[in-house]
DNA sequence: CATATTTATCGGTAAATACCGATAAACCGG
DNA sequence: CCGGTTTATCGGTATTTACCGATAAATATG
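Residue numbers (my numbering), protein chains in the order written: chain D, -8 to 116; chain L, -8 to 116.
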């Protein structure tokens, strides 16, 4: 990951301080979603509300330890929450984070449409 | 990437055929968005409409070849399009793909809310 | 208490990713 | 046609990721 220059520049990235500091955090969220198995997990949680780890393992063509790691990635990105229920772990979505990501993408398209209109007008000047 | 079992199972993933085959493709899109530099590029394109490669290089604390590779990742994911303009390349967003991603995330949250309500009712039975 | 179930974590390996510098290809200006 | 821009791609290295098997911790059950 890192995203720093080797010359030790600040992580500021650019003069345009469009994004406060959430850029890296949002990248973590999107990268967490960027794997077919994890998307599958998210879909299962979305439709079922909650799942035990074991149910998810049964769903995927992956061994338990691998699934557990995928769950950890999603949990570290705050996309899901897990609670302990007896000897099992029960997972559910964290809708907030999911919404954040959705809103971000939405903003990109909206902003882009505005910019597009603007530049079209410009061409006519 | 791969996402197959070592035992040679089909890539089908599960009995729940919720996602046709777009799961991998969507993962590519989300993973492409999952890097701070690439998010920054997307934002720049969203606000400016289009940018030359060089402008993007000036924006980021990364050398030209690295930026070029990030642009390639975004282009391979169909998130941006590039056209050649003289000796330069001009990039712009592909709003469609961005919309696809946004819609997918939206669906996850919506479905999740529905499931949540449903399971609440269930508890009361 | 011994055993079975469930899950998280550790150790290891193969593959992918991020980054850089160097170079090549396409173009423009004189 | 020659030197300067601009960008894509190649080669190389360090880090991260994905996956598995093995193991440990926690809990239930007989």
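Just so you know, even glycine gets a beta-carbon here, dropped at the ideal spot from N, CA and C.
Subject >> Nearest-angstrom Cα separation, counted from residue 33 of chain L out to residue 12 of chain D >> reply: Reliability fails at residue 12 of chain D, whose pLDDT of 49 lies under 50, so the model's placement of it is uncertain and no value is given.
**OP:** Identify each residue in the region 41 to 72 of chain L for which the Cβ-Cβ distance to at least one residue of chain D is less than 9 Å, and report them in chain order.
**Re:** Residues passing the 9 Å Cβ filter: 41, 49, 50, 51, 52, 53, 54.
**OP:** Express the C-alpha separation of residue 29 of chain D and residue 84 of chain D in angstroms, rounding to a whole number.
**Re:** Rounded to the nearest angstrom, the gap between the Cα atoms of residue 84 of chain D and residue 29 of chain D is 12 Å.
Original post:
Considering only residues of the same chain and omitting the five flanking positions on each side of residue 89 of chain D, which have a CB-CB separation below 7 Å?
Top reply: Setting aside the 5 residues that flank it on each side, residue 89 of chain D is surrounded in the same chain by 70, each with a C-beta closer than 7 Å to its C-beta; the list follows chain order.
**OP:** Taking a Cβ distance cut-off of 7 Å, strictly less, list which residues of the region 85 to 102 of chain L are near chain D, in chain order.
**Re:** Within the region 85 to 102 of chain L, 86, 89, 90, 92, 93, 96, 97, 99, 100, 102 place their CB atoms closer than 7 Å to a CB of chain D, listed in sequence order.
Original post:
Start and end of the beta strand (DSSP E) containing residue 84 of chain D?
Top reply: Residues 79 to 84.
Subject >> Among D:94, D:87, D:47, the one whose alpha carbon lies nearest that of residue 31 of chain D >> reply: When only C-alpha atoms are compared, the closest one is D:47.
Original post:
Between residue 38 of chain D and the rest of its own chain, which residues show a CB-CB distance below 7 Å, the 5 nearest in sequence each way excluded?
Top reply: No residues qualify anywhere along the chain.
**OP:** Give, in chain order, every residue of the region 11 to 28 of chain D whose Cβ lies closer than 7 Å to some Cβ of chain L.
**Re:** Hits within the stretch, in order: 14, 15, 17, 18, 21, 22, 24, 25, 26, 27, 28.
Original post:
Less than 8 Å separating the beta-carbons of residue 20 of chain D and residue 92 of chain D?
Top reply: Between residue 20 of chain D and residue 92 of chain D, the CB-CB gap stays under 8 Å.
Original post:
Using a C-beta cutoff of 8 Å, does residue 38 of chain L count as contacting chain D?
Top reply: Nearest CB-CB separation between residue 38 of chain L and chain D: below the 8 Å threshold.
Subject >> Beta-carbon proximity of residue 104 of chain D to residue 86 of chain L, cut-off 8 Å >> reply: Yes, the pair counts as a contact, with Cβ atoms nearer than the cut-off.
Original post:
Looking only at its own chain, which residues have a Cβ that is under 6 Å from the Cβ of residue 44 of chain L, when we skip the five neighbours before and after it?
Top reply: 80.
**OP:** Starting from residue 25 of chain D, trace the beta strand (DSSP E) both ways and give me its first and last residue.
**Re:** Careful: residue 25 of chain D lies outside any beta strand (DSSP E) and carries neither H nor E.
Original post:
Can the beta-carbon of residue 14 of chain L be found less than 8 Å from the beta-carbon of residue 27 of chain D?
Top reply: Against a cut-off of 8 Å, the Cβ pair of residue 27 of chain D and residue 14 of chain L comes out as a contact.
**OP:** Give me whichever residues DSSP pairs with residue 29 of chain D in a beta bridge.
**Re:** Answer is none; residue 29 of chain D lacks a bridge partner.
Original post:
Quick one: Cα of residue 76 of chain D to Cα of residue 63 of chain L, how far?
Top reply: Cα to Cα, the separation comes out at about 45 Å.
**OP:** Express the C-alpha separation of residue 58 of chain D and residue 41 of chain L in angstroms, rounding to a whole number.
**Re:** Between residue 41 of chain L and residue 58 of chain D, the C-alpha separation is close to 41 Å.
Subject >> Under 9 Å by beta carbon: chain D residues contacting residue 79 of chain L >> reply: Neighbours of residue 79 of chain L on chain D: none; closest Cβ ~17 Å, over 9 Å.
Subject >> Boundaries (first-last residue) of the beta strand (DSSP E) holding residue 45 of chain L >> reply: Element bounds for residue 45 of chain L: not the beta strand (DSSP E) but the alpha helix (DSSP H), 44 to 50.
**OP:** Return helix, strand or coil for residue 40 of chain L, following the three-state DSSP convention.
**Re:** Reduced to three states, the DSSP call for residue 40 of chain L is coil.
Original post:
Looking at the unbroken alpha helix (DSSP H) that takes in residue 65 of chain D, where does it start and where does it end?
Top reply: Residue 65 of chain D -> alpha helix (DSSP H) spans 55 to 67.
Original post:
Quick one: what's got a C-beta closer than 7 Å to residue 51 of chain D's C-beta in the same chain, skipping five residues either side?
Top reply: The answer, listed in chain order, is 28, 31, 58.
Original post:
Out of curiosity, what's the CA-to-CA distance linking residue 117 of chain L and residue 23 of chain L?
Top reply: It is not possible to answer for residue 117 of chain L, since the shown part of chain L is limited to -8 through 116.
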